[in-house]
Amino acid sequence: MSYQVLTDSDVLKFTQMESIINAIERVFYEKANGSLVSPPRFSLETENGSLVFTAGAATGISKVTGFRVYDTYSNDDPGHEQLVSVFDSETGIFKGIIIGNSLGAIRTGAIGGVAIKAMSRPDATQLAVIGTGAQARTQLEAAVAIRDIKQIQVYSRNEQSRMKFAREMTEKLGIEVFPVDSQKKCVENADIVICATNSLSPVLEVEWLKQGVHINTVGPKSINGSEIPIEIASQSSVITTDSLEQLNAYSTPHFLVDTPYENNIVQLSDVVTGEKLGRTSNRDMTLFCSVGLSGTEVVVANEIIKLAKK
């Protein structure tokens with residue numbers, strides 16, 4: 002009996018974004034077909050912090066089950082790590098474990114890639130990124146794996162951060178990433194906009210966006226603050242999320258809950274499978290609200306474990 006124990010260095014070494022996107026796309030087919038078990042996240046709370054668990058099982062195609070756990074303790078001590086444990090869903094046999102924080106960003110990036118594939122214009126070539134953290138990097142990597150991107154612009158309030166992001170992602174992707182000094186300049190010509198910030202106030206305005214744009218939002222989206230304005234939802238012909246169950250389970254409501262646009266939100270899985278349209282024309286504005294589909298971490302971990310074994 003053997004199993005893999007991998008860390009961040011292994012994840013970064015063995016991850017192939019296109020393979021991860023394909024694995025996530027299969028998860029959405031499982032969700033649509035009823036073979037994905039994906040309950041909302043839950044937490045184990047203590048006086049000083051919490052452990053947050055996401056669990057899931059993809060039993061139709063991937064045939065894996067397992068869980069992820071991470072902490073919300075506020076101290077800066079070393080040793081804050083996420084843990085993803087993978088089991089065979091048919092036999093219950095333990096397959097491996099991944100320890101570290103890289104897998105979560107890769108998983109979210111790949112989900113964003115699936116949304117871009119399902120909802121953005123097939124001829125999209127211009128891309129804008131607002132934010133320069135780990136989520137922005139993996140979202141961009143996934144977008145480039147899906148579309149034939151010719152030009153990339155990035156904005157961050159911190160000039161040094163956007164310069165570093167542009168330099169490092171240009172080297173990694175082989176496509177020049179241009180740092181710009183305003184949000185408007187960043188997004189006004191983009192076919193795809195990725196918002197991956199920590200901002201509780203909108204980082205762009207709907208008037209800046211061109212016709213036919215697709216937006217991925219990864220950052221805050223609650224009634225207490227959102228990185229995108231609600232006007233984007235009002236202008237979007239299609240709004241999707243990866244998990245309506247999770248969107249409706251937050252203790253602080255999602256910013257579209259109890260608005261006229263709540264009933265317009267559809268499952269990304271329905272668009273992936275063709276049950277619903279991702280857009281009706283090249284003039285449509287479309288919006289994907291990432292909330293985190295439970296079970297995807299386990300499927301991604303399983304994919305990386307398989308790549309490591311090869």
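Residue numbers (the numbering used here): 2 to 311. Glycine included, each C-beta is placed from N, C-alpha and C at the ideal position.
Item to complete: May I have a chain-ordered list of the beta strand (DSSP E) segments no shorter than 3 residues that lie completely inside the stretch 129-212?
Response: 152-156, 178-180, 193-196
Discussion item. Can you list, in chain order, the residues of its chain with a C-beta nearer than 7 Å to that of Glu-304? Leave out the 5 residues immediately preceding and following it.
Written reply: Taking the first residue of the sequence shown as position 1, residue 304 is located at position 303. Closer than 7 Å at Cβ, skipping near neighbours: Ser-20, Ile-21, Ala-24.
Worksheet item: By DSSP, does Arg-284 sit in helix, in strand, or in coil?
Response: As a first step, residue 284 must be located in the sequence shown, where it is residue number 283. Residue state, collapsed to three classes: coil.
Discussion item. Please state the DSSP three-state secondary structure of Ser-20.
Written reply: In the sequence shown, the residue the question calls residue 20 occupies position 19. Helix, per DSSP.
Worksheet item: Taking the continuous beta strand (DSSP E) assigned at Leu-13, which residues delimit it?
Response: Taking the first residue of the sequence shown as 1, we reach residue 13 at position 12. For Leu-13, no beta strand (DSSP E) encloses it; the enclosing alpha helix (DSSP H) starts and ends at 9-15.
Worksheet item: What number of angstroms, rounded off, separates the C-alpha of Ala-309 from the C-alpha of Ile-150?
Response: If you number the sequence shown from 1, residue 309 lands on position 308. If you number the sequence shown from 1, residue 150 lands on position 149. Distance between the alpha carbons of Ala-309 and Ile-150 is about 29 Å.
Item to complete: Confirm, please, whether the CB-CB distance from Val-178 to Val-155 is below 8 Å.
Response: If you number the sequence shown from 1, residue 155 lands on position 154. If you number the sequence shown from 1, residue 178 lands on position 177. Yes; because the gap between Cβ atoms is below 8 Å, this pair is in contact.
Item to complete: Figure out for me which residue from Asp-89, Thr-47, Asn-199, Asp-124 has the closest Cα to the Cα of Asn-283.
Response: Taking the first residue of the sequence shown as position 1, residue 283 is located at position 282. Selected option, being the one with the closest Cα: Asp-124.
Item to complete: Within 10 angstroms of the Cβ of Gly-93, are there 16 or more other Cβ atoms? Answer buried if so, exposed if not.
Response: Residue mapping note: residue 93 aligns to position 92 of the sequence shown, counting from 1. In this structure Gly-93 is exposed. Its beta-carbon is surrounded by fewer than 16 other beta-carbon atoms within 10 angstroms.
Worksheet item: Between Arg-138 and Met-164, is the Cβ-Cβ spacing less than 8 Å?
Response: One-based indexing of the sequence shown puts residue 138 at position 137. One-based indexing of the sequence shown puts residue 164 at position 163. Going by C-beta atoms, Arg-138 is not nearer than 8 Å to Met-164.
Practice prompt. In angstroms with no decimal places, state the Cα-to-Cα distance between Leu-278 and Val-115.
Written response: In the sequence shown, counting from the first residue as 1, residue 278 sits at position 277. In the sequence shown, counting from the first residue as 1, residue 115 sits at position 114. Cα to Cα, Leu-278 sits roughly 14 Å from Val-115.
Item to complete: State yes or no: is the beta carbon of Ser-63 nearer than 8 Å to at least one beta carbon in chain C?
Response: Although the question refers to chain C, the structure presented lacks it and comprises just one protein chain.
Item to complete: Over the uninterrupted alpha helix (DSSP H) stretch that includes Gln-247, give me the two end residues.
Response: Along the sequence shown, read from residue 1 onward, the residue named residue 247 stands at position 246. Element bounds for Gln-247: 245-248.
Worksheet item: Enumerated in chain order, which unbroken segments of the beta strand (DSSP E) with a length of 3 residues or greater are wholly contained in the stretch 32-56?
Response: Unbroken beta strand (DSSP E) stretches of 3 residues or longer found wholly inside the stretch 32-56: 43-46, given in chain order.
Worksheet item: Closest by CA to Pro-86, which one among Ser-75, Tyr-71, Pro-221?
Response: Stepping through the sequence shown from its first residue, residue 86 is reached at position 85. A small correction: the amino acid at residue 86 is Ser; Pro does not occupy that position in the sequence shown. It is Tyr-71.
Practice prompt. For the alpha helix (DSSP H) containing Val-300, list its first residue and its last residue.
Written response: For this step, residue 300 is matched to residue 299 along the sequence shown. Start and end: 297-310.
Discussion item. Whether or not the stretch 228-246 and the stretch 265-272 are in contact is what I'm after, with contact meaning three or more pairs of Cβ atoms, one per stretch, closer than 8 Å; do they touch?
Written reply: yes
Practice prompt. Might you give, ordered along the chain, the residues of its own chain that have their beta carbon closer than 8 Å to the beta carbon of Pro-230, omitting 5 neighbours on each side?
Written response: The residue labelled residue 230 in the question sits at position 229 within the sequence shown. These residues qualify, in order along the chain: Pro-203, Leu-205, Glu-206, Val-207.
Worksheet item: Per DSSP, what kind of secondary structure is Lys-118 in: helix, strand or coil?
Response: To locate residue 118, count along the sequence shown from 1; it is residue 117. The three-state secondary structure of Lys-118, taken from DSSP, is helix.
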